[in-house]
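Data block below; observations after.
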Amino acid sequence: MSNLPRVEVSNHTLASGQSVTTNTTPNSIALSIASSDSNNQTGIAFQFQGRTTYWNPSVSTGFTTAKLASDTGNGVVTWKAGLTVTYSPQSTGLYNVLLSGDIVDSGTLYTYTGFVLATFTSNAQ
680 MSNLPRVEVS
690 NHTLASGQSV
700 TTNTTPNSIA
710 LSIASSDSNN
720 QTGIAFQFQG
730 RTTYWNPSVS
740 TGFTTAKLAS
750 DTGNGVVTWK
760 AGLTVTYSPQ
770 STGLYNVLLS
780 GDIVDSGTLY
790 TYTGFVLATF
800 TSNAQ
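Per the working numbering, the sequence shown runs over residues 680 to 804.
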């Protein structure tokens, strides 16, 4: 039995400039926002209940990995040190934003390995 939250997925590819919200635990989300630049810069806001941002990394063609240096969060959700966001280009003219690492929510550990937070159309040259 998995502790991962149930996520309903539609088959949609997001264009640059759009955003996608992904539930990562019962009390946390990841809001991924793609730019329209040629580096595919994408910001990700890790938020408690969609209200407070605790970590806001960015990935792109030039900076493909962002890693959380130390634990951050509140009394309910803790994003653990080592949590990693990765830019992953695909051969189909798309790119994925991936999540790996641990989040603790209300004492329950959620572990991710290559979890797709969002898929966007690539503008990379």
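Where a beta carbon is used, it is the ideal one built from N, C-alpha and C, also for glycine.
Report all residues from its chain with a CB closer than 7 Å to the CB of residue i; omit the five preceding and five following residues, and keep chain order.
i           : result
residue 720 : 714, 737, 739
residue 729 : 708
residue 811 : As shown, the chain starts at 680 and ends at 804. That puts residue 811 outside it, with no answer to give.
residue 697 : 713
If contacts are defined as beta-carbon pairs under 8 Å, then residue i and residue j qualify, I think. What distance do you get, rounded to the angstrom?
i           : j           : result
residue 796 : residue 701 : 5 Å
To which residues of the same chain is residue i closer than 6 Å at the C-beta, ignoring the five residues directly before and after it?
i           : result
residue 687 : No answer about residue 687 holds up, because its pLDDT of 42 lies below 50 and its placement is not dependable.
residue 768 : 774
residue 762 : 747, 780
Against chain C, with Cβ distances strictly below 8 Å, would residue i count as a contact?
i           : result
residue 771 : Within the model displayed, chain C is absent; a lone protein chain is all it includes.
Under 8 Å Cβ to Cβ from residue i, same chain only, skipping five residues before and after it: list those, please.
i           : result
residue 759 : 747, 750, 780, 781, 782, 783
residue 753 : 727, 731, 733
residue 706 : 727, 728, 755, 756, 784, 785
Residue i and residue j: beta carbons closer than 8 Å?
i           : j           : result
residue 764 : residue 723 : yes
residue 756 : residue 792 : no
residue 727 : residue 734 : no
At least three beta-carbon pairs within less than 8 Å, the stretch 784 to 797 to the stretch 736 to 746 = Touching, no, given that fewer than three Cβ pairs across the two stretches are closer than 8 Å.
In chain order, which continuous runs of the beta strand (DSSP E) of length 3 or greater are located wholly inside the stretch 724 to 752?
-> 731 to 734, 744 to 746
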